[in-house]
Amino acid sequence: MVDPSLKSDFLDYLRKNGIKHSVYIENVASFRNTDAIGSSFRHPSALPPDLFSVYLSHQQMSNYLDLLAKKYPPLVHVQAFGTSFEKRRLDMVKISTEKSGVEKPIILIDAGIHAREWIAPAMALFIINQLAENETNRYLTEEIEWHICPLLNPDGYEYSRKTDMWWRKTRSHTKNKHCRGVDGNRNFDFHWNECGASSDPCSGCYAGEKPFSEVETQAFRAYVMSIRDRLKLYLTFHSYGPVLVPNFQNNFPFLNAHFDKFLL
Ligand SMILES: [Zn+2]
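The sequence shown begins at 183 in our numbering and counts up one residue at a time.
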């Protein structure tokens, strides 16, 4: 996304560096798909007939994961690896074809640490859906154990759905009683609060009082440490724009999500 005043410099830069480009959305601010949330409000916990036609609530996601675990044992296993500040379940799905005595390499995926980036959890859920329910993908689970947390910040996500669409952080209390939440993606200890982060609790990039101040990041750290010996790849999904592509089969949403942990 480029500010109009920077457009010509940006295009120059792309040209100079030989980067192919095209405009995907002319005006991002006008591009909101509120219908996609509206319909899911009518189903607070029941699953919609077409799972990927709306942005699911946290409860709906958990219900879907439980359903998969029930339908596809031992391929799919769901565990709560922690609880959010507002006591919502933090789900981790493990998907792997059972092979007794074999310790497989692990691919770890998380999504939704930033509350308003709704397409990221939707994409993680779609990957779960494809690994579990699409039999032609079984080869992907033969040699790999997939560990996927589709929603790492459920409190912020629900707050974003119901109250403030642009909410980004967790919902914990801070030292400023008027400003809540920590940017979970700035709360890890690696180069904590060095750049792109803020010490101001009212900032959207507030890094927290200290590294791992949030129960969500604490729980995630403990989980990662528990699988560290076999962890070979870690992907964390972010996005820009409240964009839902109605038919994921034909329009895979990679365009709207990427793996940049530090920029978004
Ligand atoms: Zn993000």
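Idealized CB from N, CA, C, for every residue including glycine. Keep in mind that this is a model prediction, so the values were computed, not measured.
Item                                                                                                                                                       : Value
Are A293 and L333 closer than 8 Å when you measure CB to CB?                                                                                               : yes
If I measure Cβ to Cβ from N432 and keep anything under 6 Å in the same chain, skipping five residues before and after, which residues do I get?           : Summary for N432: the model assigns pLDDT 38, below 50, so the residue's position carries little reliability, and this model does not support an answer.
Using C-beta distances below 6 Å, list every residue in its chain close to Y254, excluding the 5 sequence neighbours before and after it, in chain order.  : A314
Quick check on the burial criterion: 16 or more other C-beta atoms within 10 angstroms. Buried or exposed for N209?                                        : exposed
If you compare alpha carbons, which of R403, L238, L233 is closest to Y339?                                                                                : L238
Looking at the unbroken alpha helix (DSSP H) that takes in K202, where does it start and where does it end?                                                : K202 -> no alpha helix (DSSP H), and no H or E assigned at all.
Let's test the definition: count the other Cβ atoms within 10 Å of the Cβ of P383 and tell me whether it reaches 16, buried, or not, exposed.              : buried
Considering only their Cβ atoms, is the gap separating L257 from T153 smaller than 8 Å?                                                                    : The question about residue 153 has no answer here: the residues shown for the chain are numbered 183 through 446.
To which residues does DSSP link H373 through a beta bridge?                                                                                               : Per DSSP, none; premise fails for H373.
Using a Cβ-Cβ cutoff of less than 6 Å, which residues in the same chain neighbour K202 once the five nearest sequence positions on both sides are dropped? : none
So, L290 versus Y416, is the Cβ gap smaller than 8 Å?                                                                                                      : yes
Quick check: is any heavy atom of ligand 1 less than 7 Å from the C-beta of N335?                                                                          : no
Would you check if the distance between the CB atom of E396 and the CB atom of S354 is smaller than 8 Å?                                                   : yes
Hey, would you say the C-beta of E396 is under 7 Å away from at least one heavy atom of ligand 1?                                                          : no
For T418, count neighbouring Cβ atoms within 10 angstroms of its own Cβ and tell me buried if that reaches 16, exposed if not.                             : buried
Three-state secondary structure (DSSP) at G417?                                                                                                            : The sequence shown places Leu at residue 417, not Gly. Strand at L417.
Taking only the alpha-carbon atoms, compute the straight-line gap between F267 and A401 and give it to the nearest angstrom.                               : 11 Å
Below 8 Å on the Cβ atoms is my guess for E327 versus S381; work out the distance and round it to an integer in Å.                                         : Not really, about 38 Å apart at Cβ, beyond 8 Å.
Just to confirm, are T352 and D371 a CB contact at a threshold of 8 Å?                                                                                     : no
Are there any heavy atoms of ligand 2 lying less than 7 Å away from the beta-carbon of N367, as far as the coordinates show?                               : For the structure depicted, ligand 2 is absent and the ligand set comprises only ligand 1.
From this set, M243, A302, I309, S282, which residue's C-alpha is nearest E325's C-alpha?                                                                  : S282
Note down, in chain order, each residue of its chain lying with its Cβ closer than 8 Å to the Cβ of A389, except the 5 sequence neighbours on either side. : V364, D365, R368, N369, W374, N375, A379, S380, S381
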